[in-house]
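For reference, the structure discussed in these notes is given below.
Residue numbers (full-length UniProt numbering): 1 to 1011.
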């Protein structure tokens, strides 16, 4: 494992070393050839390590371990050398812009130091190679025992598990036994594949064995249990034939083995269990099992990989996902293993231990055995045991089974990328939900991945392997927050700290002088003003709680790329000026102790993500919007109308230099310059706006223009994933009537007093996701929704719905439907409606029974989610109805806060106020404007009515309009030319003669989803 991590780390820094020698930077004489030589040396080291791993020789004893430490140190030195050089080059570049000079003496001196340092780095692998040759004779004396251990165990199940040790299995067992039985409701008798998926040690094999040995399981005329651990399709087929006592004629021909097994099974009724399938072997072996026959046969597969389970059960099957044991069953299992008989009833399991076990059966068993060995409950202090659990997990023989299972889960990850990304979870406390999008942006900033696509792939790999688990899942099946489970998190801490990957600070106790990633959790505040560690090499810093003066001395940092201070309690505005000198910073998130941003933030030229959602920042400096690499900006802010914008600002926006993709979001009353500037952010893909009514509001023309340009329908764009979220104050929702078709969006969220569905929504091309939030949703609006043929995800949030019938063939493409209601006024669903609906969410605490919803009409339904506050009778009614449904959909509980529009910055759940309460909070207008009364708004000067004779989309503002807008916020006349525009007298653009709108490139950096 250590070798694989080192090889991956070397591969990650090679591109940076390569770019250093490609002429982009002015280097000292001879330095380029030295860098190229060092690059070749590293490539050879990486290739050699990979070859050893492929041959199963990753572990070779103390000599190789020493070499690994040396090589890791070399790789770290190279990375430090490159990053320090980039820091000085960046600093010199910014200083030269002020001095109008090219290079300073300090820069020349550092280039000389760089050359000398590279010369020293070249000698390190040569010296290590010579030492390895001298002591190679000892390398063959060690045995790869640890590797054999880890590879020999791929399942946490114990074949000798006692019946008394099986708890909490009755419900899942009965569910799967019913899946074995023949269905008598007119279904064709055919093969069904049942997949059981979950992490190692979750009890998959035990559950499958219970089903296999049940009375129903024993009724099958042919039965076979085979293990797929470490086997390919050919070996699995051979094992099945042997279990049936059939001769294996040709062991080398998979096709012949498939034919032999298929012919033998014929019309027989069989039950075959394939335990621990770790690759997609089903596509190769499925032909061996006849699909249609006179009897209903079953194949049961256990696996840790979700995609394998889905592939096996794709055609006609059922996927059962293992869940954690509840508190009651967890305590029951733990007590059986940990507590001597004479102490039964004397004590309850310690919360700290139960938290670490996290409902995982294998963890509960092994931890129980570990504490029993140490004399619990009268022996060790459980808090101390949990504090040092990672050390016990590494060394204690009682935890060996748990250790082997976790090592296998980790080592089986494909490649270095997922392993490094998993180790990064050590930065977070085990019980803290982690936001998926934030996590992937950190990986990019750190250089673990090169593109957003590879970041998504690594995250999906960890989810697919069930190594991390989702906490909140959006309607479109995208994970919103996730976490690692208890024992895996302990292993991550062990691996990441032992490999110098992460340093967890506890008080002033730090074992290493140099740290690369530093995480301070609660109660780890550093006292005093100094630390005996070098902070200049830290790449990531995260603080939860109080940090202390030493950690918040940002003058000590140079190479910082990721800075997470969302939950830092002693951060102050004064610290921000020093943060603005962190020239390599790419990710910055701030907390609620911050009230304003300094203009010096313009120095963060490499910043890609700025998260201000938890801050009290209300006014945004224009310099933030001019950061050239900024991609994602989060918060709720305005652009001050008092800010002075120079000609450089004009040039920046008018020449389309902004790379901003996420703007979520800004507040406007129609009088600030934000809408005009937004019109020139050509790369926007995610936009969130709060509209407020104020005394200064005279018209919203500029905002309408900007939104219209953003949603403009360009037929040449096919993979654009633009999303828009609009939150309305009373009366401001009427701007929707000024948005024209054709228009395009992938996702739309509207929150306000919605009385009818705007016309531009019904004519929108490509709309896949829609969320509407209002005090009441009218019948007319709801009926209009059925015209959205491309809609796949619909969420309706309201105090109540008017009467509404979802008729036959309505919502032909809808996959997910959510109702978040204060009163249970659900629509009537006719047969034939929602033909492809797979998920139905009914988040209403007052729901009574089935509410006249006949889920048998929803033939593709896979899950129903209910408010956890519904009565037990209501939940029982839905569970009973689900069992009668052909698909047997799962009945789940969903926290109402997870279905609200809010997205807390820390990933935690938020309270969900009623829609009316939320609107009252943001309302600044005393008298609400009646829906549809556009003329009144025009008469009051709130809007300028468009010319009726002109049938065109609203286009960008003219040069004069932009000049006027910039002048309103203190900007002098626009110096640069703009395309010539023809403007109607009423101020709305009627024609556009300038160049066409910039063609959007496909979004490869980030996949946007609804808020």
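Ideal Cβ placement from N, Cα and C applies to all residues, glycine included.
In terms of Cβ geometry, residue 330 and residue 300 do not form a close pair [threshold 7 Å]. Below 8 Å, enough C-beta pairs join the segment 397 to 408 and the segment 361 to 377 to call them touching: three or more. Checking the DSSP bridge columns, you'll see residue 586 has no partner listed. Look at the beta carbons and you see the segment 586 to 595 touching the segment 557 to 570: at least three pairs across the two are nearer than 8 Å. The continuous beta strand (DSSP E) containing residue 470 extends over residues 468 to 473. Taking a contact to require three or more Cβ pairs closer than 8 Å, the segment 218 to 229 and the segment 267 to 276 qualify as touching. Judged by DSSP secondary structure, residue 636 falls within the beta strand (DSSP E) whose first and last residues are 632 to 639.
A buried status is given to residue 752, since no fewer than 16 other beta-carbon atoms sit within 10 Å of its beta-carbon. Three or more Cβ pairs closer than 8 Å define a contact, and the segment 461 to 470 meets that threshold against the segment 410 to 425.
Per DSSP, reduced to three states, the secondary structure at residue 712 is strand. For residue 799, the enclosing beta strand (DSSP E) begins and ends at 793 to 801. Within the model, the alpha-carbon separation for residue 561 versus residue 540 is close to 6 Å. Closest by C-alpha distance to residue 897, out of 866, 874 and 357, is 866. When C-alpha distances from residue 415 are compared across 71, 333 and 449, the shortest belongs to 449. When rounded, the separation of the alpha-carbon atoms in residue 655 and residue 487 is 53 Å.
The beta carbons of residue 801 and residue 825 sit closer together than 7 Å. Bounds of the alpha helix (DSSP H) holding residue 883 are 872 to 884. DSSP, reduced to helix, strand and coil, places residue 258 within a helical segment of the structure shown. DSSP places residue 839 in no alpha helix (DSSP H) but in the uninterrupted beta strand (DSSP E) bounded by 839 to 843. Note: residue 666 is bridge-paired with 637 and 689 in the DSSP secondary-structure output. In this structure, residue 430 places its C-beta atom within 7 Å of the C-beta atom of residue 489. Taking residue 855 as reference, the option from 864, 847 and 848 with the minimal CA-CA separation is 864. Taking residue 776 as reference, the option from 796, 789, 758 and 783 with the minimal CA-CA separation is 796. According to the DSSP secondary-structure assignment, residue 568 is paired through a beta bridge with 545. In the structure shown, residue 190 falls within a strand segment according to DSSP collapsed to helix, strand and coil. If you look at residue 208, you'll find it in the alpha helix (DSSP H) that goes 204 to 212.
In this structure, residue 275 sits away from residue 323, with a CB-CB distance that is not shorter than 7 Å. The Cβ-Cβ distance between residue 598 and residue 616 does not fall below 7 Å.
The C-alpha of residue 78 lies about 27 Å from the C-alpha of residue 453.
Of all C-beta pairs linking the segment 382 to 394 to the segment 467 to 484, fewer than three are shorter than 8 Å, placing the two stretches out of contact. Distances from the alpha-carbon of residue 321 to those of 233, 253, 196 and 771 put 196 closest. Taking a C-beta distance under 7 Å as the contact criterion, residue 819 and residue 782 do not qualify as a contact pair. A direct Cα-Cα distance of roughly 27 Å separates residue 216 from residue 877. Non-local C-beta neighbours of residue 674 in its own chain, meaning closer than 6 Å and more than five positions away in sequence, comprise 639, 666 and 668, ordered along the chain.
Within the model, the alpha-carbon separation for residue 884 versus residue 594 is close to 55 Å. Short of 6 Å from the beta carbon of residue 359, and not among the five residues preceding or following it, lie these beta carbons of its own chain, in chain order: 324, 325 and 330.
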